[in-house]
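Trainee:
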Amino acid sequence: MSKTLIYNAEIVNEGTRFHGYIIIDGEFIAKVGEGSPTVEEIGASESVIDIAGRMVLPGAIDTHVHFREPGLTHKASIASESAAAVSGGVTSFIDMPNTKPTTTSMAAVADKKVIAAGSSYANYGFFIGATDGNLEEILAADQSEIPGVKLFMGSSTGNMLVDDNIALSHLFSSYRGVIAVHAEDEGALADARARLAAQYGDNQPVELHSQARPAEACVKASKRAVELAKRYDSRLHILHISTAAELALLSTGDISNKRITAETCPHYLLFEENDLARPDGFMLKCNPAIKSAADRDALVEAIADKRIDTIATDHAPHLIGEKQGTLLQAASGMPGVRFMLQEMLTLASRAGNELTVERVVELTSHNPARLYDIDRRGFLREGYFADIVVVEQAATPFTPEIGTYLPDDEMSPCNWTPYELTLVNHRIWQPMSMVSWHLTVIVSIEWLLCR
Ligand SMILES: [Zn+2]
4 MSKTLIYNAE IVNEGTRFHG YIIIDGEFIA KVGEGSPTVE EIGASESVID
54 IAGRMVLPGA IDTHVHFREP GLTHKASIAS ESAAAVSGGV TSFIDMPNTK
104 PTTTSMAAVA DKKVIAAGSS YANYGFFIGA TDGNLEEILA ADQSEIPGVK
154 LFMGSSTGNM LVDDNIALSH LFSSYRGVIA VHAEDEGALA DARARLAAQY
204 GDNQPVELHS QARPAEACVK ASKRAVELAK RYDSRLHILH ISTAAELALL
254 STGDISNKRI TAETCPHYLL FEENDLARPD GFMLKCNPAI KSAADRDALV
304 EAIADKRIDT IATDHAPHLI GEKQGTLLQA ASGMPGVRFM LQEMLTLASR
354 AGNELTVERV VELTSHNPAR LYDIDRRGFL REGYFADIVV VEQAATPFTP
404 EIGTYLPDDE MSPCNWTPYE LTLVNHRIWQ PMSMVSWHLT VIVSIEWLLC
454 R
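Numbering (our numbering), first residue to last: 4 to 454.
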């Protein structure tokens, strides 16, 4: 096994920050040391890299992506999106089931696993989607093969809506793993659609999206999910929280002590509904909709004070042409996996909030690993996989051509990003000297074992 030594690092891990070094042996971390390495440690390492005081974090784990394969590969593929992920410091991802065919059987999970084994640049895991007919199969499955069950309460891209009380009660009372919920109430969505249709007909402008998918729909469905989880002591994880009102359903504290946890995404922390009226604002159409500035500010507080437990992207690429047109025509969803870490670090560096870099690492690495009990990832620890990301603070604002070490044809067919609308002052460090190290990690990519 060849040893790599990274030294002169600002290590951020498990709530602490210190000057130190890391020894990587093959695909694992052999040592996380404080201060400087010894002469013997330097001598025993084949490759020694001075990273000149840059920040070193555990690789981020994005537990909510839509990589579109199989079936929607004109938009994206596991290869293209995992390449984008790695170039953004996301070394593991968990993909959602609304592909074609839908991932609603263990055979479909196995099919995706085969695709990823042959093409992914990052570690991978796949949710199974709940339908009103596959509970027996989910319960009979080897639970280490899936991080949990994805439940759509509220229709979105793909058709896996479970809205029936009996089916929901069965799922919440019998499934003991994580139930990850898209919570928007279908009735409230239908009412909002009817209101807009009466007012605008078919010609509804895209900036009305937060009226078409209003806060009430989120609150109503999240309440229903929380009631079910409390009644049956289920392990509920509410995805992409977008409203301040839903925060009242959540408690603060460490993720390990909670039965009900929650995720939000960078776009709900950085944008607000009026941004959809900007010239490129159509890019921000996503489900749930981006809500008010007050919601955005409340969410930033909630990620800092531990009411919200994880950050994920809900990375959902479409071709730019598919995003055009009226509210009824434009596709919902946006890419984000390449920018999550940079955006979150930028947010932490901004004055006026309590967010720290240590907390960002908890939200993007530690807590996703704890939530799904992912085997030996999400922390910089001896014996853990060497999923490591080096970050530097850049003085200049964001430019989209990130991902320099991967050939262009591996990057996403969806080559647009809403994050051009923001300024980012952190970059994932990718000097040429790190290329071989990245490739070492890529060779060891594998299935995320959820214990
Ligand atoms: Zn999603």
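Just so it is clear, CB atoms sit at the ideal spot from N, CA and C, and this is done for glycine as well. These figures come from a predicted structure and were not determined experimentally.
Count the other CB atoms within 10 Å of the CB of S48; is the residue buried (16 or more) or exposed (fewer)?
Mentor: The residue in question, S48, is buried, as its Cβ has 16 or more Cβ neighbours within 10 Å.
Trainee: How big is the Cα-Cα spacing for I405 and Y124?
Mentor: Only weak support is given to the placement of I405: the predicted model assigns it a pLDDT of 39, under 50, and the value that follows is read from those uncertain coordinates. Cα to Cα, I405 sits roughly 16 Å from Y124.
Trainee: Alpha carbon to alpha carbon, how far is S176 from I169?
Mentor: Going from the Cα of S176 to the Cα of I169 covers about 10 Å.
Trainee: Cβ of A82 within 7 Å of any heavy atom in ligand 1?
Mentor: No.
Trainee: Candidates A143, G190 and S108: which alpha carbon is nearest K153's?
Mentor: That would be S108, whose Cα lies nearest to the Cα of K153.
Trainee: Terminal residues of the continuous alpha helix (DSSP H) containing E187?
Mentor: Careful: E187 lies outside any alpha helix (DSSP H) and carries neither H nor E.
Trainee: Could you check the C-alpha separation between I149 and G128 for me, to the nearest Å?
Mentor: Rounded to whole angstroms, I149 to G128 spans 7 Å at the Cα level.
Trainee: Just to check, is the beta-carbon of A297 closer than 7 Å to a non-hydrogen atom of ligand 1?
Mentor: No, ligand 1 has no heavy atom inside 7 Å of this Cβ.
Trainee: Locate the beta strand (DSSP E) running through V393, then write down its first and last residues.
Mentor: It spans I391 to Q396 - the beta strand (DSSP E) in which V393 sits, taken as one unbroken run.
Trainee: Can you list the alpha helix (DSSP H) stretches of 4 or more residues lying completely in the region 349 to 384, in chain order?
Mentor: Whole alpha helix (DSSP H) segments, 4+ residues: 360 to 364 and 370 to 374.
Trainee: Could you spell out the range, first to last residue, of the beta strand (DSSP E) harbouring G2?
Mentor: Residue coverage of the chain in this structure runs from 4 to 454, which leaves residue 2 outside it and unanswerable.
Trainee: Excluding the 5 residues preceding and the 5 following P100 in the sequence, name in chain order all residues of the same chain whose CB lies nearer than 8 Å to its CB.
Mentor: T106, T107, A111, F129, F130, I131, G132, K153, G161 and M163.
Trainee: From which residue to which residue does the beta strand (DSSP E) around R238 run?
Mentor: That run of the beta strand (DSSP E) goes R238 to I241.
Trainee: Between M343 and A63, is the Cβ-Cβ spacing less than 8 Å?
Mentor: Yes, these two residues count as a Cβ contact at 8 Å.
Trainee: Hey, is M156 close to ligand 1, as in C-beta under 7 Å from one of its heavy atoms?
Mentor: It does not: the Cβ of M156 is nowhere closer than 7 Å to a heavy atom of ligand 1.
Trainee: Let me make sure I understand the geometry here. Which of R198, S147 and G190 has the alpha-carbon closest to that of A220?
Mentor: Among R198, S147 and G190, the Cα nearest to that of A220 is on G190.
Trainee: How far does the alpha helix (DSSP H) with S213 in it extend, from its first residue to its last?
Mentor: Unbroken alpha helix (DSSP H) run through S213: H212 to A215.
Trainee: Measuring from the CB of D317, is there a heavy atom of ligand 1 at a distance below 7 Å?
Mentor: Within the cutoff, so yes.
Trainee: So the candidates are L374, S368 and R57; which of them puts its Cα closest to the Cα of K261?
Mentor: With distances taken between Cα atoms, K261 lies closest to L374.
Trainee: Within 10 angstroms of its Cβ, does D312 collect 16 or more other Cβ (buried), or is it exposed?
Mentor: D312 should be labelled buried.
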